[in-house]
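Chemist:
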Amino acid sequence: MSDPFTLSPELAAIAKRWLHAYAARQTEPVINLFSHSAAITYVGSDDGELLTEPDFHKTFAAFCDDQAVLVPENLEVTAYEAGSFGWALATMTIIAPDADKSVAFRCSFVFALENAVWRIVHIHNSNPKPNMEAMGYTSRSIEELTASLQSEALDLGHTGIASVMFTDIVDSTALAAATGDAAWSNIVQSHMTDIAGAVETHGGTLVKSLGDGTLSSFASASAALNAATRIQQGMQGQTQEPILRIRVGIHTGDVVEKDGDYIGTVVNTAARVAAAAAPEEIRVSDPTRAMVGGNADFAFGDPVSVQLKGLAGEHLIHQLDWRT
141 MSDPFTLSPE LAAIAKRWLH AYAARQTEPV INLFSHSAAI TYVGSDDGEL
191 LTEPDFHKTF AAFCDDQAVL VPENLEVTAY EAGSFGWALA TMTIIAPDAD
241 KSVAFRCSFV FALENAVWRI VHIHNSNPKP NMEAMGYTSR SIEELTASLQ
291 SEALDLGHTG IASVMFTDIV DSTALAAATG DAAWSNIVQS HMTDIAGAVE
341 THGGTLVKSL GDGTLSSFAS ASAALNAATR IQQGMQGQTQ EPILRIRVGI
391 HTGDVVEKDG DYIGTVVNTA ARVAAAAAPE EIRVSDPTRA MVGGNADFAF
441 GDPVSVQLKG LAGEHLIHQL DWRT
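Just add 140 to the spot in the sequence shown (first one is 1) and you have the numbering used here.
1. Among Leu456, Phe306, Met332, which residue has its Cα nearest to the Cα of valine 444?
2. Tell me the DSSP secondary structure of phenylalanine 145 in three-state form.
3. What's the call for aspartate 437, buried or exposed, on a 16-neighbour Cβ count within 10 Å?
4. Would you verify that the beta carbon of methionine 332 is, or is not, closer than 8 Å to some beta carbon of chain B?
5. I'd like the span of the alpha helix (DSSP H) that includes leucine 365, first residue to last.
6. Exposed or buried, aspartate 186, counting other C-beta atoms within 10 Å across all chains shown (16 or more means buried)?
7. Look at the alpha carbon of histidine 160 and the alpha carbon of proline 212, and state the distance between them as a whole number of angstroms.
8. Quick check: what's the CA-CA separation for leucine 460 versus threonine 307?
9. Starting from the C-beta of histidine 176, find all residues in its chain whose C-beta is less than 8 Å away, skip the five residues before and the five after it, and write them out in chain order.
10. Give the straight-line distance between the Cα atoms of glutamate 168 and alanine 219, rounded to the nearest whole angstrom.
11. Starting from isoleucine 262, follow its DSSP beta bridges and name the residues at the other end.
12. Which value, in whole angstroms, describes the spacing of the CA atoms of glycine 343 and serine 303?
13. Report the three-state DSSP secondary structure of valine 209 (helix, strand or coil).
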């Protein structure tokens, strides 16, 4: 699966232009680069610097005019875009000549295309300070945490937020009766081997087999969808009877791992989503669908609202078009 975000020199240049204009108190170019959306937001580094609609543009113009002139130094900006959306991160040292002070500063931007023009819809500023000073505790640095994780060889993909996939063989009881226990056991074992291969290829873990079904976990929704697609496509190449058909269900959420097994609502929901799928279908929950957003690698049918056994209320589920 390709990464939807690409480096954007254009957005990096816009962010730099805005920062230099804002530091120099050039109000007109500062305002002109802002979005006209009602969602526009500015989060400054001071307590009272939170600006939203209504009257955002007028308020920010007055705010800009009221500030002291600043000088950004060592400015570095990295920006990315995907379709009509983009973001940028700027780091710099801000010099206040009148006060003879300097401070490390960070600024993040969210951009949106409006009538083929990139505009800023969100800005968030911060000047980092030690956690002990701000909140009364100290924590390890990112570098220390990274080194610790590497030395301990932890696999964070199997705890916390995960996408859980259930597979289930359709009409397994009738097929088992028709083939006999010994033959059916061999058929299921071969099927499980194929499932495990697809799961591992896409970075997942086959947690356990459930008779004629499987439970797998993935660190990302896209990995789970890719594995499910690979499994269903592989099922199409069968030439030897009995021809197996499966249904697949995927749900994303906060999983609980205990003694190498997964328990809790996420697992139950994934199983119910699988049960709601028709033979040869892949169905995903609404949270799983939301996780992949507009990723062009995946196509979905219209969502349907269903009741899932044992779970309260109506639930939106989506059919993944794996045949495209």
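C-beta: ideal position from N, C-alpha, C; glycine also.
Modeler: This is what the structure holds:
1. Comparing alpha-carbon positions, the option among Leu456, Phe306, Met332 lying closest to valine 444 turns out to be Leu456.
2. Here phenylalanine 145 sits in coil by DSSP.
3. Classification of aspartate 437: exposed, given that the 10 Å Cβ count is below 16.
4. You won't find chain B in this structure, because it holds only one protein chain.
5. Residue range 361-375 is occupied by the alpha helix (DSSP H) that includes leucine 365.
6. The residue is exposed, with fewer than 16 neighbouring Cβ atoms inside 10 Å.
7. The straight-line gap separating the alpha-carbon atoms of histidine 160 and proline 212 is approximately 7 Å.
8. Each residue's alpha carbon lies about 14 Å from the other.
9. These residues qualify, in order along the chain: Glu254, Arg259.
10. When only Cα atoms are considered, glutamate 168 and alanine 219 end up about 23 Å apart.
11. Here residue 262 turns out to be histidine, not isoleucine, going by the sequence shown. Under DSSP, histidine 262 takes part in a beta bridge, and its partners are Thr181, Val250.
12. Near 12 Å, if we compare the C-alpha coordinates of serine 303 and glycine 343.
13. DSSP places valine 209 in the coil class of the three-state scheme, outside both helix and strand.
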